[in-house]
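Numbering (the working numbering), first residue to last: 505 to 911. Think of the CB as a built atom: it goes at the ideal place given N, C-alpha and C, for glycine as much as any other residue. Step one of this worksheet: look at the structure below.
Shown next, in the form of structure tokens:
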């Protein structure tokens, strides 16, 4: 019986004699491994960033927007009042605040307007929010410098980290600085910590002013007492679905519409999780299909190389059998060859995948290269080699030595 070390050395020599074909086969495995690592890492990165976003919208949070999900979707609700199918008003917020189980109701208005800091002018979205709204999301929008404003304050502003450090080019804004918003002097009283996920770019560029200042800044874009969005926090342990139903009942009466004609939507975390889950499932299935195709291509490449090796080395196999090599020995030789191809392809594929992910990270592409993905890549490449090489190896082992020597 052939020693395993000798079998390995013999297999390496055999691969070197057909180095070009071996290289091309390795490239096929590399493509499969790169696809697996990059696609899996990006998929997990996206899921991780989505979960970070989801944590900000806790299980006891509800939002109300003036658009019917039957006519659009949350993603299509871009923020302009003209995009909504209905309107929300201050009285809606007051009515919701009286529902049992409601802890707080936050109000938010939105508009785009000009900001000027040290002669640098930009046009950016601004959120006018009350203190209740900020407190509901304070674990996500964390103050890094200064403080948040209180209800009743005017002409003060809190900037997202990127808004403070990047929006005005080289001009960085600090707490205490003054800037003009729509021609009005505002004092910067706070700068938020950077969230820094791939999905938080808009949040890191957020600009918050007191809710009452919203009427002054973009009241002409909205009706009197109109509210862009309502955010509701339920009491701990409260039945969120029951509160959702109560909100819908109240607003249907206030808006004088039927349940089939609702011009608003009440959105819970369950709805968001269901929607996100559906999207992630579809994304994962699509990415797995791509990985499977790449894997099949790599496996076929290995199998083709090993079949060619059997045909070219028929006489050599006959000699080995004539000097005492068993079918097990021949099978081992060819499986080791195919496994070497798989392992080398795995190492090279992993290195290339890491390089691709690092470059992608420079363009804010989310990825999460976990240790289990690296382990999966090695197992994946090795199994491609072993499985794809098994049938050719068995074919070689079953060759009749007399016929092989004649070949």
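- If I'm right that residue 654 touches residue 696 with Cβ under 8 Å, what's the distance once you round it to whole angstroms? Contact flag wrong, Cβ pair sits at about 17 Å.
- Going by DSSP, name the residue or residues bridged to residue 617. 628
- Task: May I ask you to list the residues that DSSP assigns as paired with residue 772?
- Result: 566
- Message: If you reduce the DSSP assignment to three classes, tell me which class residue 604 lands in.
- Response: coil
- Task: Return the bridge partner residues of residue 690 from the DSSP annotation.
- Result: 683
- Message: Can you tell me whether residue 660 is helix, strand or coil according to DSSP?
- Response: Residue 660: strand per DSSP, three-state reduction.
- Looking at the structure shown, is residue 761 part of a helix, part of a strand, or coil, going by DSSP? coil
- Message: Counting only C-beta atoms, is residue 521 closer than 7 Å to chain C at any point?
- Response: The displayed structure is made up of one protein chain only, and chain C is not part of it.
- Query: CB-CB under 8 Å to residue 548, same chain, minus the five flanking residues each way: which ones, in chain order?
  - Reply: 871, 872, 874, 877
- Hey, how far is the Cα of residue 781 from the Cα of residue 630? 30 Å
- Task: Using three-state DSSP, classify residue 726 as helix, strand or coil.
- Result: coil
- Task: Go through its chain and collect everything with a Cβ distance to residue 669's Cβ below 6 Å, but skip five positions before and after it.
- Result: 676
- Message: Spatial neighbours of residue 622 within its chain, please: C-beta separation below 6 Å, excluding the five flanking residues on both sides.
- Response: 675
- May I ask you to report which of helix, strand or coil DSSP gives residue 805? Reduced to three states, the DSSP call for residue 805 is helix.
- For residue 744, verify whether its CB is less than 6 Å away from any heavy atom of the ligand MG. In the structure shown, the ligand MG is absent, as is every other ligand, since no ligand is present at all.
- Within 10 angstroms of its Cβ, does residue 896 collect 16 or more other Cβ (buried), or is it exposed? buried
- Message: Given this structure, state the Cα-to-Cα distance separating residue 539 from residue 708, to the nearest angstrom.
- Response: 31 Å
- CB residue 544 to CB residue 845, shorter than 7 Å? no
- Secondary structure of residue 637, DSSP reduced to three states: Residue 637: helix per DSSP, three-state reduction.
- Query: Span of the alpha helix (DSSP H) holding residue 733?
  - Reply: Taken as a continuous stretch (DSSP letters only), residue 733 belongs to no alpha helix (DSSP H), being part of the beta strand (DSSP E) at 733–738.
- Task: Please state whether DSSP places residue 874 in a helix, a strand or coil.
- Result: coil
- Would you grab the beta carbon distance between residue 767 and residue 590 for me? Rounded to a whole angstrom, and I think it's under 8 Å. 3 Å
- By the 10 Å Cβ neighbour count, where 16 or more other Cβ atoms means buried, how is residue 596 classified, buried or exposed? buried
- Query: Cβ of residue 813 within 7 Å of Cβ of residue 888?
  - Reply: no
- Message: When you compare the stretch 714–729 with the stretch 739–754, are there three or more beta-carbon pairs, one atom per stretch, that lie closer than 8 Å?
- Response: The answer is no - the stretch 739–754 does not touch the stretch 714–729, with fewer than three Cβ pairs under 8 Å.
- Message: residue 566 and residue 748 - do their beta-carbons sit closer together than 7 Å?
- Response: yes
- Message: With the cut-off set at 7 Å, would you say residue 640 and residue 773 are in Cβ contact?
- Response: No, the pair does not count as a contact, with Cβ atoms beyond the cut-off.
- Message: Need the endpoints of the beta strand (DSSP E) that residue 648 sits in, please.
- Response: Looking at the DSSP string, the run of the beta strand (DSSP E) that includes residue 648 is 647–650.
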